[in-house]
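Worksheet: the structure to be examined is printed underneath.
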Amino acid sequence: MHNNKALNVFPIEITVLEKNEVIKGELTRTKAPRTVEKIIAKLPITNKATKRNQQINFPIGIEMGKEKSSKMVKKGDIGYWPIGDAICFFTEDMEPYGDINIIGQITSNLDVLKKLRLISTLKIALTS
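Each residue of the sequence shown is one higher than the one before, starting from 0 at the first, in numbering that gives the first Met the number 0.
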């Protein structure tokens with residue numbers, strides 16, 4: 000079996016609708032295959048995101064459990080939080096409340112996430 004990065008990495012855009020600012024990222028299937036597949040099937044999705052310290056939570060509604068979960072996350076990580084049924088974006092290295100399925104990485108404009116208000120409307124979509 001050969002490793003084909005194109006089949007495992009899915010570029011996404013996270014748009015802050017109030018400001019029309021775009022953050023780019025990648026979902027990586029090999030990090031948590033079932034979780035990433037369920038999220039991709041839901042995209043594009045628009046919802047309210049809440050900011051708590053260095054963690055932005057975006058409810059997704061896929062009801063997945065732990066999959067290759069981690070107790071620590073790094074700055075720029077994209078994760079799925081089973082307890083909150085939410086995609087999470089992390090703006091600093093931290094130990095979040097509960098285990099996180101790491102599913103990808105922010106690739107540009109992390110500073111836009113750092114400046115979000117407590118509640119913001121985000122749209123997450125696949126890009127080519």
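The C-beta atom is built at its ideal place from N, Cα and C for all residues, glycine as well.
Predicted, not measured: the structure shown is a model, and the values here were computed from it.
Asked                                                                                    : Found
Straight-line Cα distance separating PHE88 from ILE118                                   : 14 Å
Whole-angstrom distance between MET93 and ILE101, CA atom to CA atom                     : 13 Å
8 Å Cβ cutoff met for THR106 and GLU20                                                   : no
Under the three-state DSSP convention, the category ASN46 falls into                     : strand
Local conformation of ILE38 per DSSP, three classes                                      : helix
Same chain, Cβ closer than 7 Å to ASN56, neighbours up to 5 away in sequence not counted : ALA48, THR49, TRP80, GLY83, ALA85, CYS87
Collapsed DSSP secondary structure at THR90 in the structure displayed                   : coil
Selection from ILE13, GLN54, ILE38 that minimises the alpha carbon distance to LYS73     : GLN54
Terminal residues of the alpha helix (DSSP H) in which VAL111 lies                       : 109-113
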